[in-house]
Amino acid sequence: MTTRHGEQLSLIIDDHGVRHLFVADSCGFDAPGWELVLDPDDAERLAEMLTQRRRVHELNGDRGR
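Counting from 10, one number per residue, gives the positions in the sequence shown under my numbering.
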């Protein structure tokens, strides 16, 4: 995926369920700038953190803000 700021992100899930989150190097190289390795539990906690603010807005009736 490409963020609104132009950063390239990719996610690979290996055969053991481990998630590998890659951020592309901003210099245009094919190699990732960095890799974050997440066990399934870590990935779930990260997903909860990323969606928590949206859930609060939905509960408050502030959709779209």
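Quick reminder that beta carbons are idealized off the backbone N, C-alpha and C, glycines included.
Beta-carbon within less than 8 Å of residue i's beta-carbon, same chain only, minus the 5 sequence neighbours each way: which residues are those?
| i | result |
| --- | --- |
| L20 | R28, H29, L30, F31 |
| M10 | Q17, L18, S19 |
| L59 | none |
| T12 | L18 |
Go to residue i, then tell me how far its beta strand (DSSP E) extends in each direction, as first and last residue.
| i | result |
| --- | --- |
| H29 | 28-33 |
| G42 | 41-47 |
Could you tell me which of the options sits nearest to residue i, measuring between CA atoms?
| i | options | result |
| --- | --- | --- |
| V46 | L59, H25, E57, G15 | H25 |
| D23 | A52, T12, G15 | A52 |
What does a CB cutoff of less than 7 Å around residue i pick up in its chain, not counting 5 residues either side in sequence?
| i | result |
| --- | --- |
| D48 | V27 |
Once you ignore the five residues that flank residue i on each side, which residues in its own chain have a CB closer than 6 Å to its CB?
| i | result |
| --- | --- |
| H14 | none |
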